[in-house]
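Sequential numbering from 16 applies to the sequence shown in the working numbering.
Working notes, structure below.
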Amino acid sequence: PEVGFSGRSRVDEWAVGIVMVVGLFLLASLPFALLYLVVLGP
């Protein structure tokens with residue numbers, strides 16, 4: 016397979032990138048999720 020920037024395969028770099036993007040998305044949406052729960056809570 017093709018070797019990426021850090022010596023890993025291209026697929027591994029794609030996987031790491033996707034995980035980072037998903038993690039950042041979840042981290043960014045967490046306050047909104049908490050606010051949603053508070054507003055619709057008891």
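Backbone N, C-alpha and C define an ideal beta-carbon position, used for all residues, glycine too.
Return helix, strand or coil for residue 38, following the three-state DSSP convention.
Translated into positions along the sequence shown, residue 38 becomes position 23. In the three-state reduction of the DSSP assignment, residue 38 falls in the helix class, which pools H, G and I.
Could you give the distance in angstroms between the alpha-carbon of residue 51 and the alpha-carbon of residue 25?
As a first step, residue 51 must be located in the sequence shown, where it is residue number 36. As a first step, residue 25 must be located in the sequence shown, where it is residue number 10. Their backbone Cα atoms lie some 38 Å apart in a straight line.
Straight-line gap, residue 43 to residue 28 (C-alpha atoms, nearest Å)
Your numbering for residue 43 matches position 28 in the sequence shown. Your numbering for residue 28 matches position 13 in the sequence shown. Roughly 22 Å separates the two Cα atoms.
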